[in-house]
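If you're matching them up, the sequences are chains A and B in order.
For reference, each letter of the first sequence is one residue, going 278 to 394 in the numbering used here.
For reference, each letter of the second sequence is one residue, going 278 to 394 in the numbering used here.
Every residue, glycine too, gets a C-beta built ideally from N, C-alpha and C.
The next block holds one structure in the form of structure tokens; read it before the comments.
Number of protein chains: 2
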Amino acid sequence: MMPPDDLSSTFAALADPTRRAILARLAAGEASVSELARPFDMSLPAISKHLKVLERAGLIVRARAAQRRPCRLEAARLKDVADWIARYRRFWDASLDRLEAYLGELQGKDADHGRDN
Amino acid sequence: MMPPDDLSSTFAALADPTRRAILARLAAGEASVSELARPFDMSLPAISKHLKVLERAGLIVRARAAQRRPCRLEAARLKDVADWIARYRRFWDASLDRLEAYLGELQGKDADHGRDN
Chain A
278 MMPPDDLSST FAALADPTRR AILARLAAGE ASVSELARPF DMSLPAISKH
328 LKVLERAGLI VRARAAQRRP CRLEAARLKD VADWIARYRR FWDASLDRLE
378 AYLGELQGKD ADHGRDN
Chain B
278 MMPPDDLSST FAALADPTRR AILARLAAGE ASVSELARPF DMSLPAISKH
328 LKVLERAGLI VRARAAQRRP CRLEAARLKD VADWIARYRR FWDASLDRLE
378 AYLGELQGKD ADHGRDN
């Protein structure tokens, strides 16, 4: 068995639509817990729990000093995910290449068909 | 509460180093369960459990007909993750910009310092 790692905790934190929606909100600028809770129609403790998961995964940071302790998006872990996924890019690029070749083939056949008539 | 969705189950499937290692192995070509089990020093049932998670998340497909039922990487869901993460690219690009500006500043100071001596 492999030990848990940063990338695993990042993926686990992202495996929830509310947490991804919180990140999307924070992409528009920092926000306090109550500001985050409002659009989600969730209790403060429920939002706080999600924020703790995001904070432990390094996806957000919370200001320590300020009264409202605003949350801020932290990009480094998202970049780790992007770097990981980039290794597989050739697989979906290859699928697109095959689709394009197929569409090209269909268009070629259409052109031939047009010529026959 | 938001209902579970495809992207959440994809992220959950990726939140395990063994499952990510299986995908990395399948990136090199299709493999049977026993071929996958060998390098991981895991039992067939343990590997099968991971494969079921990957299959349910749409990250792999298993041949139905063949005796050895080889597993194959399926790129569409990985592309969904890449598309999701791409929305945040400007955040780490911005961090890199700030880092570059800071390094540039330091080099400027070094140059000034060199001039003073």
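Of HIS327(B), ALA304(B), ARG297(B), the smallest CA-CA separation from VAL310(B) is found for HIS327(B).
Against TYR365(B), the close residues of chain A are ALA304, ALA352, LEU355, in the order they occur along the chain (beta-carbon pairs closer than 7 Å).
DSSP places LEU350(A) in the uninterrupted beta strand (DSSP E) bounded by 348–350.
For the C-beta of ILE324(A), not a single chain B residue is nearer than 9 Å; the gap to the nearest is close to 12 Å.
Under the DSSP assignment, ARG339(A) falls outside any alpha helix (DSSP H), being part of the beta strand (DSSP E) whose first and last residues are 337–339. Within 10 angstroms of the beta-carbon of LEU331(B) lie 16 or more other beta-carbons, which makes it buried. Looking at the DSSP output, ALA308(A) sits in a beta bridge with CYS348(A).
Using a CB distance cut-off of 8 Å, SER285(A) counts as an interface residue toward chain B. At a cut-off of 8 Å between beta-carbon atoms, ASP374(A) makes no contact with chain B. For ALA353(A), the enclosing alpha helix (DSSP H) begins and ends at 353–363.
DSSP, reduced to helix, strand and coil, places ALA371(B) within a helical segment of the structure shown.
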